[in-house]
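S.K.: From first to last, the protein sequence lines are chains A and B. Counting from 255, one number per residue, gives the positions in the first sequence under the numbering used here. Counting from 49, one number per residue, gives the positions in the second sequence under the numbering used here. Note that beta-carbon positions come from the ideal geometry of N, C-alpha and C, so glycine has one too. To start, I am sharing the structure in question, which I have written as structure tokens.
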Amino acid sequence: MMLDQPGIEAAQVAGAAQPAIRLTGLRRRFPGAPAPALDGISLEVAPGEVFGVIGRSGAGKSTLIRCVNLLERPDEGRVEVLGRDLTAEDEAGLRTARRGIGMVFQHFNLLASRTVAGNIAFPLEVAGISRAEREARVAELLPLVGLAEKRDAWPAQLSGGQKQRVGIARALASRPGVLLCDEATSALDPETTAEILALLADLRQRLRLTILLITHEMAVVKVLCDRVAVLEAGRVIEQGRVFDVFTRPRAATTRRFVSEVIGHDVPAGTLAALPEPGPEEVRRLLRVLFAGPHSTRAVISEVSRRFGLDLNIVSGRIDAIGTQPFGIMALAAYGPAAAVEAGIAWMRGLGLSVDDLAEGEG
Amino acid sequence: MLPWLPPALQDLLIDAAWETLVMVGAAAGIAVLAGLPLALLLHATAPGGLAPHATLNRPLGLVINAVRSTPFIILMVAIVPFTRLVAGTSIGTGAAVVPLALAAIAFIARLFENALREVDRGVVEAARAMGATRLQIVWKVLVPEALPGLLAAVTVTLVSLVGYSAMAGAVGGGGLGDLGIRFGYQRFMPEVMATVVVILILFVQGLQSLGDLLVRRLSRR
């Protein structure tokens, strides 16, 4: 261990039993604000997990992540990181604890007066690490973030993506047990965002990082996160494994977020263009979600044959969340009411999720 | 060297130039040494600063404003007892340094404070997140990041001091401005006045160019 980080060692000893981050009942109200920024938030992030918090601007996510290293002090509630209750620490204890928590910022926040190497070495310098050790660590980190050639460049000479790579290297310099990403890709263009997300995903694998990130982009959550919490008006309105939240969003806000990256919506006007059901027939508009073992089975043609239904595919899409593939399809099913019901029941029996879909609904 | 002036005046001119240099240099040196801590204190104790402290910040700001708003010629006379206490005398070049330094401290403290305020708050926040102490934030973040602005403030102060030093003649401080008034104006020697003005212009230009060059060299933005 290069640094004196009792918190991290303690967490490693305790193993998976102890969450890397545990927030309990956080409340924060800014003076003069009409509503609290955080209204009783509790979250746990397991070691090695990438946890995303998503919300619109003003939902309280910035305040939330700043509470984790106590840049913002909550009015109420407890913040435990790597087994250490930060809310109970004094200034000196808090400083030591913060050295075990890396943070990546939306606007990079690099020191303009230092070179790339100087910026990456900064947290080590602050922690009193010797020059030789600092240089060795910087030499290790530069290739890790793909900046070996930029060692002596000044931040002003770098592109946004390169600046964020420096920000990431700096956040990792003191081998933190936890990495906080505050809208780390929000100031970047889509291509650079993808690069930085790929870098974080790669580092996460290689270094077994625990990451808590906040974002307003569902694409970030989809690529990087294991679990996600949706924040609205200072509260967690939905929380779960990313796959589950994406495939079965419950809250309206979550549905809107999800529809940004996977089109659950049926385009407006589609229903009007569909043929009317014949006599003795009904028409049901369905959303079918394929996941797991049945995503490769020819379910649609089978249900059509077995129950004598006419199935009109309105929209369909195959996607993956992390490494888990899934398909989502909007169908117009035509047939006698009983046969349609039976077909739906049969598909559900296979473990597919089948819902009625109204036009324009997410 | 300056053939249009009689040799005695040439000697006087050299003495006066030296006195100006001493007054400006000494006052600026003292101003930087005292002004930087004052500016840091102002910056740190301001609301939202590193160590917010209204009961320290407000009076400090008031005193600095009071010194800055007093016309220099009045300040110089008003603090004569203080000057005597510090310099042992209230007349001469050394004595003139005291009011010059006092005015310059107040002046540069404000300019330094402005330069510190220009430092991105996000960078300070990043340093806090990395576990930096407040002193580390001051010396490793605030001062280096504000350095180009601080240097520009020193240049402005030096140039203003050259102007203030012309009034030092009122307390027998000597200097180029004093020479210009006594010979050029009171003895009707326009060539002396012109020479003094040209030297002062060159002096100020030189200071400004040097300052700008340093700022450009140090600026990484």
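1) Any Cβ of chain B within less than 8 Å of the Cβ of residue 377 of chain A?
2) Check the Cβ of residue 177 of chain B against every Cβ in chain A and list those closer than 7 Å, keeping chain order.
3) Quick one: what's got a C-beta closer than 8 Å to residue 63 of chain B's C-beta in the same chain, skipping five residues either side?
4) Could you give the distance in angstroms between the alpha-carbon of residue 391 of chain A and the alpha-carbon of residue 358 of chain A?
5) May I have a chain-ordered list of the beta strand (DSSP E) segments no shorter than 3 residues that lie completely inside the segment 478–535 of chain A?
6) Give the straight-line distance between the Cα atoms of residue 79 of chain B and residue 287 of chain A, rounded to the nearest whole angstrom.
7) Is the CB of residue 59 of chain B under 8 Å away from at least one CB in chain A?
8) Just the Cα atoms here: how many angstroms apart are residue 617 of chain A and residue 585 of chain A?
9) Look up residue 268 of chain A in the DSSP assignment and say whether it is helix, strand or coil.
10) Run through the DSSP bridge pairs and tell me what residue 432 of chain A is partnered with.
11) From residue 256 of chain B to residue 202 of chain B, what does the alpha carbon distance come to, in whole angstroms?
12) For chain B, is any of its Cβ atoms less than 8 Å away from the one on residue 316 of chain A?
13) I'd like to know if the segment 240–253 of chain B and the segment 158–172 of chain B are in contact, where contact means that at least 3 CB-CB pairs between them fall below 8 Å.
14) With 8 Å set as the bound, which would you pick, yes or no: does the beta-carbon of residue 349 of chain A sit closer than that to a beta-carbon of chain E?
15) Tell me which residue opens and which closes the beta strand (DSSP E) that residue 388 of chain A is part of.
16) Where residue 258 of chain A and residue 490 of chain A are concerned, what is the direct C-alpha to C-alpha distance, given to the nearest angstrom?
17) Determine, using beta carbons only, whether residue 145 of chain B and residue 102 of chain B come nearer to each other than 8 Å.
18) Excluding the five sequence neighbours on either side, which residues of its own chain have a C-beta within less than 7 Å of the C-beta of residue 567 of chain A, listed in chain order?
19) Verify whether the separation of the beta carbon atoms of residue 92 of chain B and residue 82 of chain B is less than 8 Å.
20) Determine contact between the segment 137–144 of chain B and the segment 104–121 of chain B, defined as no fewer than three beta-carbon pairs at a distance below 8 Å.
21) So the beta strand (DSSP E) residue 578 of chain A belongs to, where does it begin and stop?
22) Let me check you understand the geometry: is the CB of residue 239 of chain B closer than 7 Å to at least one non-hydrogen atom of the ligand FMN?
23) Please report the Cβ distance between residue 499 of chain A and residue 507 of chain A, rounded to the nearest whole angstrom; I am assuming they are in contact, meaning their Cβ atoms lie under 8 Å.
24) Under DSSP, the beta strand (DSSP E) around residue 566 of chain A begins and ends at which residues?
25) When burial is assigned at 16 or more other CB atoms within 10 Å of the CB, is residue 273 of chain B buried or exposed?
26) Tell me which same chain residues have a C-beta within less than 6 Å of the C-beta of residue 578 of chain A, skipping the five on either side of it?
27) Rounding to the nearest angstrom, what Cα-Cα distance links residue 51 of chain B and residue 125 of chain B in this structure?
28) Could you please tell me which residues of the segment 194–211 of chain B, in chain order, have their CB closer than 7 Å to any CB of chain A?
29) What is the C-beta distance between residue 123 of chain B and residue 150 of chain B, in whole angstroms, given that I count them as a contact (C-beta under 8 Å)?
30) Give the range of the alpha helix (DSSP H) segment to which residue 222 of chain B is assigned.
31) What residues of chain B sit near residue 408 of chain A, judged by a beta carbon separation below 7 Å?
32) Among the residues of its own chain, which have a CB less than 6 Å from the CB of residue 207 of chain A, if the five just before and after it don't count?
33) If the cut is a Cβ gap below 8 Å, which residues of chain A does residue 189 of chain B touch?
34) Touch check for the segment 179–190 of chain B and the segment 378–393 of chain A: three-plus C-beta pairs under 8 Å?
35) Please determine if the segment 400–419 of chain A and the segment 357–376 of chain A are in contact, where contact requires at least 3 C-beta pairs separated by less than 8 Å.
36) For a contact meaning CB atoms closer than 7 Å, what does residue 100 of chain B contact in chain A?
M.R.: In this structure, then:
1) Yes - at least one Cβ of chain B is within 8 Å of the one on residue 377 of chain A.
2) Counting only Cβ-Cβ distances below 7 Å, residue 177 of chain B has contacts in chain A at 323, 325, 352, 357, in chain order.
3) Excluding sequence neighbours, residue 63 of chain B sits near 222.
4) Going from the Cα of residue 391 of chain A to the Cα of residue 358 of chain A covers about 18 Å.
5) Counting only runs of 3 or more, we get 481–486, 489–495.
6) A direct Cα-to-Cα measurement between residue 79 of chain B and residue 287 of chain A gives close to 43 Å.
7) No Cβ of chain A is located within less than 8 Å of the beta carbon of residue 59 of chain B.
8) The structure shown does not extend to residue 617 of chain A, since chain A spans only 255 to 616, so no value can be given for it.
9) With a pLDDT of 45 at residue 268 of chain A, under the threshold of 50, the modelled position of this residue cannot be trusted; read the value that follows with caution. Assignment of residue 268 of chain A by DSSP, reduced to helix, strand and coil, places it in the helix class.
10) DSSP lists A/355 as partners of residue 432 of chain A.
11) If you take the alpha carbons of residue 256 of chain B and residue 202 of chain B, they lie about 10 Å apart.
12) Among the CB atoms of chain B, none fall inside 8 Å of the CB of residue 316 of chain A.
13) Contact check between the segment 240–253 of chain B and the segment 158–172 of chain B: fewer than three CB pairs, one atom from each, fall below 8 Å, which does not count as touching.
14) The structure shown has no chain E; the protein chains it does contain are A and B.
15) In the DSSP annotation of this structure, residue 388 of chain A is not part of any beta strand (DSSP E); the continuous alpha helix (DSSP H) holding it starts and ends at 385–398.
16) For residue 258 of chain A, the predicted model reports a pLDDT of 44, less than 50, meaning its position is unreliable and no value from the coordinates is stated.
17) Result no, Cβ atoms of residue 145 of chain B and residue 102 of chain B do not sit closer than 8 Å.
18) Taken in chain order, the residues that qualify are 583, 585.
19) Not a contact, by the Cβ cut-off of 8 Å.
20) Cβ pair count under 8 Å is below three, so no.
21) Element bounds for residue 578 of chain A: 578–589.
22) The model on display carries no ligand, and the ligand FMN is accordingly not part of it.
23) In fact, because the Cβ distance is near 11 Å, the residues do not count as touching under 8 Å.
24) Looking at the DSSP string, the run of the beta strand (DSSP E) that includes residue 566 of chain A is 564–575.
25) Outside the shown range of chain B (49 to 269) lies residue 273 of chain B, about which nothing can therefore be said.
26) The residues are 497.
27) Cα to Cα, residue 51 of chain B sits roughly 37 Å from residue 125 of chain B.
28) Across the segment 194–211 of chain B, CB contacts with chain A closer than 7 Å involve 195, in sequence order along the chain.
29) Yes, residue 123 of chain B and residue 150 of chain B are in contact; Cβ-Cβ is about 7 Å, under 8 Å.
30) First-last for residue 222 of chain B: undefined, no H or E at that position.
31) Result: 268.
32) Examination of residue 207 of chain A is not possible in this model, given that chain A is present from 255 through 616 alone.
33) Going along chain A in sequence order, the residues near residue 189 of chain B (Cβ under 8 Å) are 365.
34) Touching, yes, given that three or more Cβ pairs across the two stretches are closer than 8 Å.
35) With a cut-off of 8 Å on Cβ pairs, the segment 400–419 of chain A is in contact with the segment 357–376 of chain A, counting three or more such pairs.
36) What residue 100 of chain B touches in chain A: nothing, since even the nearest Cβ is about 14 Å away.
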